[in-house]
Structures are given as C-alpha cells and as structure tokens.
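This note's numbering numbers the first residue of the sequence shown as 3 and each following residue consecutively. Following: one structure in structure tokens, then a few remarks.
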Amino acid sequence: MIRIIKTVLLVFICILLLIRLPYPCTAEEKDINIPVIKAKSHYELGYKQGEMFKPYYRGLFFLCGAIFGKLVNESMVRKHLDVLKSRYPEFLERLKGLGDSLGFNLSKTLKISLALSSISAGCTITAVNGNVTKNGERYLSWNLDLPYIYKLLFSRYLRPPPMVICDIEGKYRYVEVSSLPSIFGFGLLNEKGLSCVYAMVIPNDIGDGLTPLELNHLAMEGCKDINEVRDVYENNERESGHASIYTAFGLTSNLNALWSDSSGRQMLIEYNHSKVVFVYGDILASTNHYQYLYNESFTSKFMIGSKMRLERAYQLLENYTGNIDDDFFTKILTRDHKNSLPIGDGTDICRHGLTYGTVCCVIIKPDSYEVLYSPGHPCRFGFRLIDLSEVAENP
Numbered sequence: 003m004i005r006i007i008k009t010v011l012l013v014f015i016c017i018l019l020l021i022r023l024p025y026p027c028t029a030e031e032k033d034i035n036i037p038v039i040k041a042k043s044h045y046e047l048g049y050k051q052g053e054m055f056k057p058y059y060r061g062l063f064f065l066c067g068a069i070f071g072k073l074v075n076e077s078m079v080r081k082h083l084d085v086l087k088s089r090y091p092e093f094l095e096r097l098k099g100l101g102d103s104l105g106f107n108l109s110k111t112l113k114i115s116l117a118l119s120s121i122s123a124g125c126t127i128t129a130v131n132g133n134v135t136k137n138g139e140r141y142l143s144w145n146l147d148l149p150y151i152y153k154l155l156f157s158r159y160l161r162p163p164p165m166v167i168c169d170i171e172g173k174y175r176y177v178e179v180s181s182l183p184s185i186f187g188f189g190l191l192n193e194k195g196l197s198c199v200y201a202m203v204i205p206n207d208i209g210d211g212l213t214p215l216e217l218n219h220l221a222m223e224g225c226k227d228i229n230e231v232r233d234v235y236e237n238n239e240r241e242s243g244h245a246s247i248y249t250a251f252g253l254t255s256n257l258n259a260l261w262s263d264s265s266g267r268q269m270l271i272e273y274n275h276s277k278v279v280f281v282y283g284d285i286l287a288s289t290n291h292y293q294y295l296y297n298e299s300f301t302s303k304f305m306i307g308s309k310m311r312l313e314r315a316y317q318l319l320e321n322y323t324g325n326i327d328d329d330f331f332t333k334i335l336t337r338d339h340k341n342s343l344p345i346g347d348g349t350d351i352c353r354h355g356l357t358y359g360t361v362c363c364v365i366i367k368p369d370s371y372e373v374l375y376s377p378g379h380p381c382r383f384g385f386r387l388i389d390l391s392e393v394a395e396n397p
C-alpha cells in the first residue's frame with residue numbers, strides 16, 4: 003500500500019509539472035536579475051544559500067522523507083564524510099552552513115543529498131569553439147533530461163530561472179544552476195571564462211572518492227583553464243559505481259563532462275574510479291555512454307537511444323560547421339526530433355516521455371558571459387537571454 007501511495011504521489015507531481023503555460027519564453031527577455039551570494043567562507047555561502055532558498059529546501063526535504071526516506075545508508079554517509087574531510091573540507095563546511103540555516107545537522111543534510119540519487123538521467127551535451135562557429139564565439143549546450151519531478155529543481159517556469167552567482171572570498175566567482183545550490187547545483191561558468199556541461203554515464207567499476215558534483219565545485223572555484231581542471235580529475239580520487247552516492251547528481255553513476263576555457267581550448271572528460279581519459283577538439287559532444295574509456299555494449303533501449311542522440315548531435319554540428327550561432331542552438335540542435343516521431347523519446351535530442359524528458363535546456367555563451375535558458379522542452383518553449391556579466395573577472 004505504501005508503495006502504491008508513493009507511486010501515485012510521484013505520478014501526480016509529474017502530471018502537475020507537465021502542465022504547459024499558455025505563453026512561451028522569448029529571447030528578448032533580458033531583464034532577469036540573477037542573485038549574487040557574497041561570502042567570506044564556504045560555511046557562510048552554504049548558510050546564505052539555505053536562507054535564500056529555504057522554501058525550496060524545506061519542500062524537497064519533506065518530499066524526500068515521504069517518498070525516499072528509507073534509501074539512505076548511514077555507513078556510506080559516514081564514509082563519505084571522511085572523504086570530504088581529507089579531499090575537500092571546504093565543501094563539507096558549505097554543507098554544514100546549509101544545514102545550520104535550515105535547522106538540520108550535517109548527517110541529515112547529507113542524507114537528503116542522497117535521497118534522490120537512484121533515479122537515472124539522460125542528457126545530450128555539446129561544445130564548440132570559435133574555429134567552427136559563425137561568429138567566432140564559444141558555445142556549450144546542455145539538454146537536461148530527467149524525470150519531470152526534477153522540474154522543481156531545474157525548470158521553474160516563472161522567473162527567476164534557477165541560477166545564483168557564488169562569490170566566495172579568495173575563490174573564483176561562478177554561476178551555479180539549480181534552485182537548490184550545493185545539494186542539487188552545478189557550476190556552469192566562472193569569472194575566468196571556464197565553462198562546463200554534463201551527461202550521466204553508468205561506470206564499470208566501484209570506488210570511493212569525490213562525487214561529480216564535488217569535482218565540479220572544486221574546479222569552478224579554483225581553476226582558470228582546462229589544464230587545471232585536468233589536474234583536479236587526475237589528482238583526486240573519483241567516486242564511481244555506488245548504488246547510492248552522496249550527491250543527487252551522481253545518479254548511481256558518473257558524469258561525462260565537457261569543459262571549455264577562455265583560450266578556446268575544450269576537453270571531454272570520461273572517467274571511472276580507476277581511470278580517466280581526456281579528449282580535445284573543436285567539436286565535442288557526449289550523451290550517456292563512454293566513447294573512449296572502454297567499449298560499450300549497445301543492447302539496451304537506453305544505450306541505443308544514447309548512441310543515436312550522440313550520432314545526431316555530431317551530424318548536426320559537422321553539417322553546420324562555419325554557420326553555428328545562437329539560432330543553430332535555439333532553433334535546430336536543442337529542439338531536434340529527427341531520430342524519431344515528431345514528438346520522440348529516448349532517441350531524440352529533445353526528449354519527450356510520459357514521466358521523463360528534457361526538463362530544461364541551457365546554452366552557455368562563455369565569451370560574452372551570457373546564457374540562453376529554456377524552462378522546458380526547447381521545441382515548445384523559447385529561450386531567455388540571461389546576462390551573467392556580473393560574474394566576469396572585472397564586473
């Protein structure tokens with residue numbers, strides 16, 4: 003009976019989140035203020051994030067407790083506390099500040115960060131530099147594909163979009179996406195012009211270390227180029243393959259990453275616990291399988307869909323080389339349905355399913371410190387142009 007109630011609750015929430023507003027976003031909407039959180043320490047940042055987004059955190063904590071409360075393994079939480087103490091103590095302080103602002107101890111905060119970690123995801127990400135674009139600018143795109151319940155975190159239809167600028171004293175400023183920073187937030191762009199996007203991949207080994215989320219924040223606040231990002235991945239133990247890992251976006255897996263820096267160099271990172279591979283190029287794309295780390299088996303529907311989306315992304319990027327610009331990303335690539343029916347599912351870059359699909363889309367323009375943001379399926383909703391110049395080195 004409890005399982006039935008939970009299932010009904012999930013379906014009900016998903017139906018609510020699928021309701022389409024009667025108006026689209028438009029690229030002309032520039033009057034969007036992104037909040038800036040200034041902090042002298044990681045603890046203060048976490049505390050202020052908790053204060054700023056308290057209604058969302060409290061709603062999430064209630065939802066997780068009601069639906070996924072039994073999934074957390076206390077011993078794994080304790081083990082990861084030791085990892086953070088030795089590898090990234092600043093992030094631990096950030097979580098302490100968050101918990102204190104909400105009235106929760108650190109253990110409970112980590113438990114909540116675990117609660118949704120077993121739900122799979124499937125994204126399509128791309129990166130191009132000025133050598134192949136029409137205007138000589140860099141672009142990174144991220145079709146964020148998740149169960150629709152995650153719209154609560156990444157795709158609020160009403161303003162403001164789920165972004166915040168983190169400004170920690172002594173660290174690089176960076177933009178974080180999600181209405182729940184720290185637990186469910188990723189850094190997209192820092193003041194040095196370093197930018198990244200992610201796609202889930204299921205690893206082939208198991209090991210303890212920093213989660214994809216923690217690696218992201220460590221690089222965003224401390225790196226100015228992809229060489230330094232490479233050092234972060236090479237010189238830290240990387241968590242891989244756990245059934246329930248320690249931040250929501252590990253999703254029982256790892257994350258492939260595309261990184262781009264202000265020099266125009268860009269890098270695909272594929273990794274597990276024991277190995278990491280770096281690939282460089284003017285045109286890069288990734289979906290939900292490894293291209294280089296090891297040979298995948300394309301037998302499941304999920305893996306076949308991932309392969310088809312990757313092939314389609316590369317086909318579009320290569321066909322439009324020299325003509326890639328804002329319109330290419332907003333009107334062609336991110337809303338593509340070529341692989342399937344007019345409204346497709348796992349094989350299309352713009353994914354539609356009953357309870358699962360593209361919950362939002364982010365197109366990063368790091369050279370101009372701008373983001374094009376769509377709060378739903380790009381084929382149905384337009385994009386808002388968000389000015390992030392305040393994150394630049396000399397705002």
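We put the beta carbon where it would ideally sit given N, CA and C, even for glycine.
Distance between beta carbons of residue j and residue i, contact taken as under 8 angstroms
i    : j    : result
G99  : Y45  : 4 angstroms
R337 : P380 : 4 angstroms
L257 : N238 : About 14 angstroms separates the two Cβ atoms, so there is no contact after all.
R232 : F188 : Wrong, their Cβ atoms sit about 19 angstroms apart, outside the cutoff.
Y273 : R240 : 5 angstroms
Contact under 9 angstroms by Cβ, residue i with residue j
i    : j    : result
T135 : L335 : no
T332 : I365 : yes
S288 : L260 : yes
V393 : K153 : no
I271 : Y235 : yes
I285 : T349 : no
G243 : H275 : yes
L191 : Y371 : yes
E171 : K42  : yes
I228 : I36  : no
V79  : S103 : no
I185 : T111 : yes
L374 : R382 : no
E139 : D369 : yes
L212 : L94  : no
Whole-angstrom distance between residue j and residue i, CA atom to CA atom
i    : j    : result
E53  : M310 : 43 angstroms
T126 : V203 : 11 angstroms
N131 : R60  : 40 angstroms
F330 : L142 : 12 angstroms
H2   : I351 : Residue 2 lies beyond the stretch modelled for the chain, which goes from 3 to 397, so this question has no answer here.
A245 : P214 : For A245, the pLDDT reaches just 47, beneath the cut-off of 50, and the residue's location in the model is therefore unreliable, although a value from the coordinates is still provided. Cα-Cα distance, rounded: 15 angstroms.
D210 : F304 : 26 angstroms
L148 : Y358 : 6 angstroms
G48  : R96  : 4 angstroms
M165 : L83  : 27 angstroms
Y294 : F106 : 42 angstroms
N290 : P205 : 10 angstroms
C363 : D263 : 21 angstroms
S180 : S302 : 30 angstroms
Y316 : S376 : 22 angstroms
F300 : E313 : 13 angstroms
E92  : K56  : 21 angstroms
T323 : I34  : 31 angstroms
D327 : K81  : 46 angstroms
W144 : Y58  : 23 angstroms
Y292 : R267 : 21 angstroms
P199 : S77  : The question names Pro, but residue 199 is Val in the sequence shown. About 31 angstroms.
N341 : S308 : 11 angstroms
I151 : E230 : 35 angstroms
K428 : N325 : Absent from the model: residue 428. The displayed extent of the chain is 3 to 397, so no value can be given.
P183 : Q51  : 7 angstroms
M269 : L356 : 34 angstroms
S391 : N321 : 31 angstroms
G378 : G384 : 9 angstroms
Limits of the unbroken alpha helix (DSSP H) element including residue i
i    : result
Q317 : K303 to N321
N238 : Unbroken run through N238: none, as it is neither H nor E.
L217 : P214 to G224
G348 : Counting along the chain, G348 falls outside any alpha helix (DSSP H), and DSSP gives it neither H nor E.
K87  : E76 to R89
G52  : H44 to M54
Delimiting residues of the beta strand (DSSP E) encompassing residue i
i    : result
E372 : E372 to S376
Q268 : Q268 to Y273
R353 : No beta strand (DSSP E) holds R353; DSSP gives it neither H nor E.
V393 : No beta strand (DSSP E) contains V393, which DSSP labels as neither H nor E.
Y200 : S197 to V203
E171 : Neither: E171 is in no beta strand (DSSP E) and is coded neither H nor E.
K367 : Y358 to K367
D147 : Y141 to P149
V38  : V38 to A41
G189 : F188 to N192
Below-9 angstroms beta-carbon distance, residue i vs any chain C residue
i    : result
I167 : This model lacks chain C altogether, as it is built from one protein chain only.
beta-carbon residue i near the ligand ADP non-hydrogen atom, thresh 8 angstroms
i    : result
A221 : With respect to the ligand ADP, the structure offers nothing, as it holds no ligand at all.
message: Counting beta carbon pairs with one atom in the stretch 165-182 and one in the stretch 223-235, are three or more of them shorter than 8 angstroms?
response: yes
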